[in-house]
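I have placed the structure first, in the form of structure tokens, so that the comments after it can refer back to it.
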Ligand SMILES: Cc1cc2nc3c(=O)[nH]c(=O)nc-3n(C[C@H](O)[C@H](O)[C@H](O)COP(=O)(O)OP(=O)(O)OC[C@H]3O[C@@H](n4cnc5c(N)ncnc54)[C@H](O)[C@@H]3O)c2cc1C
């Protein structure tokens, strides 16, 4: 744990440290206390939520509310709320373990995260003492439920372009406008609503459902997460007391964007939990269904899918815990006791905005690929609503859209990274264009080192050639993001596997196989992205020298992935589930 700020790992800096040299938290480092809470969450999901799966998906909102209140009794609504306001104030690692469990029912998990994360956290970080004292104890127990209302029909990705207005009249704010797509709107008691004071200063307000002038529209008819409530929130001369302004006049953008970072970390983690459940029922089906006289799991192309699902779980979990480790370290240096405690904590989270977006983008796409593999493994039954694969395919599609679409997040990743390399932050991108490379002994780390050097070289040369105009080419910006994401994931998985090997962990050989499959395939993708990025951005002269440069660099020896995947699949079949479990 860092003793002071100088010991913190800075956001985005992983690209500039030699492969595998940064400290990294993994699920295997979880404390007994965190595991006990996660186990309680698992029992709650298995005992209370999963048996009511169908009712939840039929939009039984009273049931969802009841279940949230039960989660409140267990303490898992207040994990991130300070103790002074009725919460447990646990670290984010514990919240992550719990979230993995909650993710097993997608609709309930959506309601849970909208409440505990984007609904509650604005008050935790930006509320006055009076606001916190009034709302947080009730939100921690589930007596009240929360929603976050930023989006409007005309402003989705362009989230700060809200048209809703707030005017101060006789000691009251009067709000007008319509918010769209608001999760939990059908049963929330408290809404954090964004509106512009006098049409220009975007600000956040706490609105209660009993305030005059607030109402909600009909439930949206959605493709997936059908058991979560999604409605418009209508404000017609909605009058609220002056002291319901949250965080101060004009602080709306700060709150809205800061809180989205929290949501993005969590979305990445919940994708891992959902992936574990998908793998479990797909393994079961692939063991029971026979074709050509054999179970499906005996066929190489089915084993490939099963193994890939496990690879994605391992990689996603490795990156989520790595990021959360950095975050917990930074948050541990701040204190609720300080007058600026909330703002300090938000600033600590902002530092890892790139990692938050990477977690969201990678997690949502990995889960979608897993859902697709599940549908394919179920064959025709995968297309039938009588089997579970069809539901996860619909349920997880939204993850690529909300909390900022993956396109917007990719633009954010590249933009923020390049800004940190050119501003006062001074991450040393310019120096990465040339230089020799010390290659580690370990084959997997060597792959990471080579991939990092290759990616940095292309990004640095492209930026030197094009300057800030790089970002005007969105396809190129997305390629920069893809390189950054692949490197983060690859390194996170490799380092975790190495730690497990060093610790003599029971599943270390499996972990090493999972990391090897990912590293090999990521290497191939990085090669492709680097070449295409060079072609997009560099002038002919730079391109010639760059291609020569890239070709001169070593490439890791190819590995026969079918053997590895067959052995991974065998371990999964033997255990009937993803076996590397911290809980
Ligand atoms: C089920 C559900 C629940 C939701 N819950 C909430 C909630 O609780 N609170 C809340 O405030 N909002 C919520 N949302 C809204 C959600 O955050 C937005 O739908 C999302 O941000 C995208 O906005 P949009 O739908 O207006 O799409 P648009 O912004 O119109 O985007 C459409 C497409 O254009 C692309 N695009 C847009 N701008 C750019 C650009 N500059 N460059 C490149 N591509 C671009 C997008 O990536 C996307 O592919 C929810 C939405 C859904 C569907």
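Residue numbers (the numbering used here): 389 to 971. In this text, a Cβ means the ideal position worked out from N, Cα and C, and glycines have one as well.
Minimum C-alpha distance to residue i - residue among the options
{"i": "residue 556", "options": "846, 585, 419, 668", "result": "585"}
{"i": "residue 406", "options": "875, 959, 637", "result": "875"}
{"i": "residue 637", "options": "553, 433, 741, 403", "result": "553"}
{"i": "residue 829", "options": "650, 468, 944, 515", "result": "944"}
{"i": "residue 961", "options": "697, 400, 480", "result": "697"}
{"i": "residue 458", "options": "538, 531, 588, 966", "result": "531"}
{"i": "residue 911", "options": "862, 501, 841", "result": "841"}
{"i": "residue 393", "options": "843, 562, 715", "result": "715"}
{"i": "residue 920", "options": "968, 966, 843", "result": "843"}
{"i": "residue 440", "options": "917, 494, 622", "result": "494"}
{"i": "residue 570", "options": "546, 541, 548", "result": "541"}
{"i": "residue 653", "options": "623, 752, 870, 780", "result": "752"}
{"i": "residue 645", "options": "656, 740, 436", "result": "740"}
{"i": "residue 444", "options": "812, 558, 948, 612", "result": "612"}
{"i": "residue 725", "options": "435, 472, 400, 399", "result": "472"}
{"i": "residue 442", "options": "594, 819, 615, 485", "result": "615"}
{"i": "residue 474", "options": "497, 529, 514, 483", "result": "529"}
{"i": "residue 924", "options": "863, 908, 942, 872", "result": "863"}
{"i": "residue 574", "options": "502, 624, 521, 857", "result": "502"}
{"i": "residue 568", "options": "733, 520, 617", "result": "617"}
{"i": "residue 513", "options": "566, 729, 688", "result": "729"}
{"i": "residue 631", "options": "717, 742, 518, 677", "result": "518"}
{"i": "residue 601", "options": "623, 610, 609, 587", "result": "623"}
{"i": "residue 489", "options": "424, 760, 950", "result": "424"}
Beta-carbon proximity list for residue i, same chain, < 7 angstroms, skipping 5 on both sides
{"i": "residue 640", "result": "582, 590, 591, 592"}
{"i": "residue 809", "result": "815, 817"}
{"i": "residue 700", "result": "663, 754, 757, 758"}
{"i": "residue 834", "result": "827, 828, 944"}
{"i": "residue 420", "result": "none"}
{"i": "residue 610", "result": "618"}
{"i": "residue 705", "result": "415, 660"}
Through-space distance from residue j to residue i, alpha-carbon basis
{"i": "residue 775", "j": "residue 492", "result": "15 angstroms"}
{"i": "residue 713", "j": "residue 413", "result": "5 angstroms"}
{"i": "residue 628", "j": "residue 577", "result": "14 angstroms"}
{"i": "residue 355", "j": "residue 806", "result": "Outside the shown range of the chain (389 to 971) lies residue 355, about which nothing can therefore be said."}
{"i": "residue 684", "j": "residue 772", "result": "18 angstroms"}
{"i": "residue 560", "j": "residue 523", "result": "19 angstroms"}
{"i": "residue 504", "j": "residue 887", "result": "32 angstroms"}
{"i": "residue 932", "j": "residue 922", "result": "10 angstroms"}
{"i": "residue 469", "j": "residue 526", "result": "11 angstroms"}
{"i": "residue 516", "j": "residue 417", "result": "35 angstroms"}
{"i": "residue 544", "j": "residue 892", "result": "48 angstroms"}
{"i": "residue 454", "j": "residue 533", "result": "11 angstroms"}
{"i": "residue 467", "j": "residue 460", "result": "10 angstroms"}
{"i": "residue 913", "j": "residue 596", "result": "49 angstroms"}
{"i": "residue 626", "j": "residue 549", "result": "20 angstroms"}
{"i": "residue 738", "j": "residue 402", "result": "16 angstroms"}
{"i": "residue 633", "j": "residue 563", "result": "11 angstroms"}
{"i": "residue 650", "j": "residue 736", "result": "11 angstroms"}
{"i": "residue 499", "j": "residue 477", "result": "21 angstroms"}
{"i": "residue 682", "j": "residue 767", "result": "15 angstroms"}
{"i": "residue 901", "j": "residue 802", "result": "30 angstroms"}
{"i": "residue 497", "j": "residue 866", "result": "29 angstroms"}
{"i": "residue 872", "j": "residue 660", "result": "20 angstroms"}
{"i": "residue 971", "j": "residue 860", "result": "45 angstroms"}
{"i": "residue 885", "j": "residue 747", "result": "19 angstroms"}
{"i": "residue 800", "j": "residue 787", "result": "17 angstroms"}
{"i": "residue 745", "j": "residue 667", "result": "25 angstroms"}
{"i": "residue 942", "j": "residue 838", "result": "7 angstroms"}
{"i": "residue 782", "j": "residue 916", "result": "30 angstroms"}
{"i": "residue 538", "j": "residue 621", "result": "10 angstroms"}
Cut-off 8 angstroms between Cβ atoms - residues of its own chain near residue i, not counting five sequence neighbours on either side
{"i": "residue 462", "result": "428, 429, 432"}
{"i": "residue 765", "result": "670, 673, 674, 684, 690, 693, 694, 777"}
{"i": "residue 510", "result": "536, 580, 592, 634, 635, 643, 647"}
Neighbourhood of residue i by C-beta, 6 angstroms cutoff - its chain only, sequence neighbours within 5 removed
{"i": "residue 954", "result": "691"}
{"i": "residue 703", "result": "877, 881, 906"}
{"i": "residue 959", "result": "898"}
{"i": "residue 710", "result": "412, 880"}
Cβ of residue i within 8 angstroms of any chain D Cβ
{"i": "residue 840", "result": "No chain D is present in this structure, which holds just one protein chain."}
**Request:** With a floor of 4 residues, list each alpha helix (DSSP H) that falls wholly inside the segment 863–938, ordered by position along the chain.
**Result:** Runs found: 896–925.
**alpha helix (DSSP H) runs wholly inside the segment 391–462, at least 4 long, in chain order** = DSSP runs (the alpha helix (DSSP H)) wholly in the segment 391–462: 420–432, 441–445, 449–462.
**Message:** For a minimum of 3 consecutive residues, which ranges assigned as the beta strand (DSSP E) are wholly contained in the segment 742–769?
**Reply:** Taken in chain order, no unbroken stretch of beta strand (DSSP E) lies wholly in the segment 742–769 with a span of 3 residues or more.
**Prompt:** Which runs of the beta strand (DSSP E) spanning at least 3 residues fall entirely within the segment 590–665, listed in chain order?
**Reply:** Those beta strand (DSSP E) runs which fall completely within the segment 590–665 and span 3+ residues are 602–604, 618–629.
**Request:** Counting only runs of 4+ residues fully inside the segment 515–580, write out the alpha helix (DSSP H) ranges in chain order.
**Result:** For the segment 515–580, whole alpha helix (DSSP H) runs of length 4 or above, ordered along the chain, are 517–529.
**Prompt:** At which residue ranges does the segment 666–716 contain complete alpha helix (DSSP H) runs of 4 or more residues, listed in the order of the chain?
**Reply:** Within the segment 666–716, no run of alpha helix (DSSP H) reaches 4 residues while sitting entirely inside it.
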